[in-house]
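Trainee:
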Amino acid sequence: MKPVRGTPAQGLMGATVGFFVGFAAVSLFGPTVKHLQQAAGLSAGLAGLLISIPNLTGSLLRIPFSAMCNRDGGRLAFLILLITAAVGLAGIWGLLAFVPDRLGKLFPLLLVFGALGGAGIATFSVGISQTSFWYPQKTQGSALAAYAGIGNIAPGLFALLLGMLIPVIDLAYSYLAWLVFLLLGIAAYWVLGRNAPSFQLERAGLSRTEACAEARRHHGQDIFPKGNTLHVLQESAKLWQTWALVFIYFTTFGGFMALTGWLPKYWSSCWGFDVARMGMLTALFSITASIIRIGGGPLADRLGGEKTALGSLALIALGAAVMTRAANVQQAVGGIVLLALGMGVGNAATFKLVPQEVPHAIAGASGWVGGLGAFGGFVIPNVLAAFLTNGDAGDRGYATGYWTFAVLAAAAALLVLAMHASRLRRERTARFVDS
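If you're matching positions, the sequence shown starts at 0 in numbering that gives the first Met the number 0 and goes up one per residue.
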């Protein structure tokens, strides 16, 4: 039998590298949409669709590929998603390099390549599973916080880098540079990425039961794939709390993905910033939200998921209100920072609520929340674009669109309060039965 290869630290490093290079696709078109809109003659609505299209596949592929990890352990799922993303990036580069004058006619093909490029976004759920299998329960919180925190920085960083590259090497070669970086990331994952011991032992010939026992006894693994994935998804789908959590995450994480893609268009069209400056301000939002998410977990541990979620949603509503009235750049930046803080903390608070509200189907609920919640990254940019009646719509259209986040935050807060009331009723019933 082959020895088990890798360590928890190597497993975490490999998953983080894979997620980082894949999740960068949240910024696939946001920093470049102004150039693409002019080159292809796109309306504001089509520009919004282009910005959001990577998030469509990136969200919807999360659930099936997360389920695949129960059988595979994560390595194969990672490689399929990242290679698919590389095909998409290669296609985008090819269109821009060889047929830039036909971009308007080939816009549907650009959307297809964008959807393929967005496959890398779905690596989030795969990496969560792969890392969870490597680490014991008592140290998982820190490992997953590092994984998600570092990976979530990628879209903001890539928005910043594209802003620096485009003036120097032009649009097509900026995407070529991104493709080369992604291929290097795939190679790094190929070397570093390892499935947890039980999956390696099963692949070496042991039965699943034998592999799990051996991994527990000799390698310290204490989390294993459980049950039928379809069954746990079905069970969690029967609970209204699951769908409430999906909506909350749609607001916080879907909002994060949406704004990371939308902000470059906002900064360039509404304030007239060049590609470098809009990249810096987009990175400010994205990186702030990513870093604050790491601290959001301990905050939710201390205050509880409900209080933390309500506070984060209040920040989102306040930030959105500031954005609708921003009279200068300083106010707009302040509003964006408030949105980043609210969304970052809210992302952490949502997953604090999952085991509390759906204790008997945590894995299934997490799949729905992570997958469909991220779908907000596709829906919200198209809603924002709907406020722009045409490509020359004034600043008012951009500002009014931010009421979308205030409405979403208010509705999500009502759902948190409903879950709180339901929990209190359950606790009262349990005390009555016990007495």
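C-beta: ideal position from N, C-alpha, C; glycine also.
These numbers come from a predicted model, not from an experiment.
(1) Could you spell out where the alpha helix (DSSP H) holding T138 opens and where it closes?
(2) If you draw a straight line from the C-alpha of L115 to the C-alpha of S197, how long is it?
(3) Here's the rule: buried if 16 or more other CB atoms are within 10 angstroms of the residue's CB, otherwise exposed. What is L416?
(4) Would A412 pass as a contact of N54 if the rule is Cβ separation under 8 Å?
(5) Quick one: using the 10 Å Cβ neighbour count with 16 as the cut-off for buried, is Q129 buried or exposed?
(6) Beta-carbon of A326 versus every beta-carbon of chain C: anything under 8 Å?
(7) In chain order, which alpha helix (DSSP H) runs of at least 4 residues are fully inside the stretch 25–61?
(8) Could you have a look at I291 and say whether DSSP puts it in helix, strand or coil?
(9) Could you check whether L60 and A121 sit closer than 8 Å to each other, using their CB atoms as the reference points?
(10) Helix, strand or coil for N346? Go by DSSP, reduced to three states.
(11) What three-state label does DSSP hand S444 in the structure shown?
(12) Check whether the stretch 63–80 touches the stretch 149–168, taking contact to mean three or more Cβ pairs, one atom from each stretch, closer than 8 Å.
(13) Considering just the uninterrupted stretch of the alpha helix (DSSP H) at K104, what are its terminal residues?
(14) How far does the alpha helix (DSSP H) with N381 in it reach, from first residue to last?
(15) Output the boundary residues of the alpha helix (DSSP H) element that contains V3.
(16) Taking the alpha carbon of G148 as the point to measure from, which residue in L302, H419, G296 has its own alpha carbon closest?
(17) Less than 8 Å between the C-beta atoms of L11 and A187, yes or no?
Mentor: If we stick to the structure as given:
(1) Your numbering for residue 138 matches position 139 in the sequence shown. Premise fails: T138 is in no alpha helix (DSSP H) and is neither H nor E.
(2) Here residue 115 refers to the residue found at position 116 of the sequence shown. Here residue 197 refers to the residue found at position 198 of the sequence shown. CA-CA distance, L115 to S197, rounds to 31 Å.
(3) Along the sequence shown, read from residue 1 onward, the residue named residue 416 stands at position 417. Exposed is the call here.
(4) The residue given as residue 412 occupies position 413 in the sequence shown. The residue given as residue 54 occupies position 55 in the sequence shown. No, Cβ-Cβ distance for A412 and N54 is not below 8 Å.
(5) By 1-based counting over the sequence shown, the position of residue 129 is 130. Classification for Q129: buried.
(6) Among the protein chains of the structure shown there is no chain C, as only one such chain exists.
(7) 32–39, 43–59
(8) Looking up residue 291 in the sequence shown gives position 292. Correct three-state label for I291: helix.
(9) Within the sequence shown, numbered from 1, the residue matching residue 121 stands at position 122. Within the sequence shown, numbered from 1, the residue matching residue 60 stands at position 61. Yes, they are a contact pair.
(10) Reading the sequence shown from its first residue, position 347 is the one you call residue 346. Helix, per DSSP.
(11) What the structure shows of the chain is the stretch from 0 to 434, and residue 444 is not part of that stretch, so it cannot be assessed.
(12) Judged by pairs of C-beta atoms under 8 Å, the stretch 63–80 does not touch the stretch 149–168, as fewer than three such pairs exist.
(13) Position 105 of the sequence shown holds residue 104. That residue, K104, is in no alpha helix (DSSP H); it is neither H nor E in DSSP.
(14) Counted from its first residue, the sequence shown places residue 381 at position 382. Run containing N381: 375–385, per the alpha helix (DSSP H) assignment.
(15) Along the sequence shown, one-based indexing puts residue 3 at 4. No alpha helix (DSSP H) contains V3, which DSSP labels as neither H nor E.
(16) Within the sequence shown, the letter at position 149 stands for residue 148. Checking every option, the nearest Cα to that of G148 belongs to G296.
(17) By 1-based counting over the sequence shown, the position of residue 11 is 12. By 1-based counting over the sequence shown, the position of residue 187 is 188. No.
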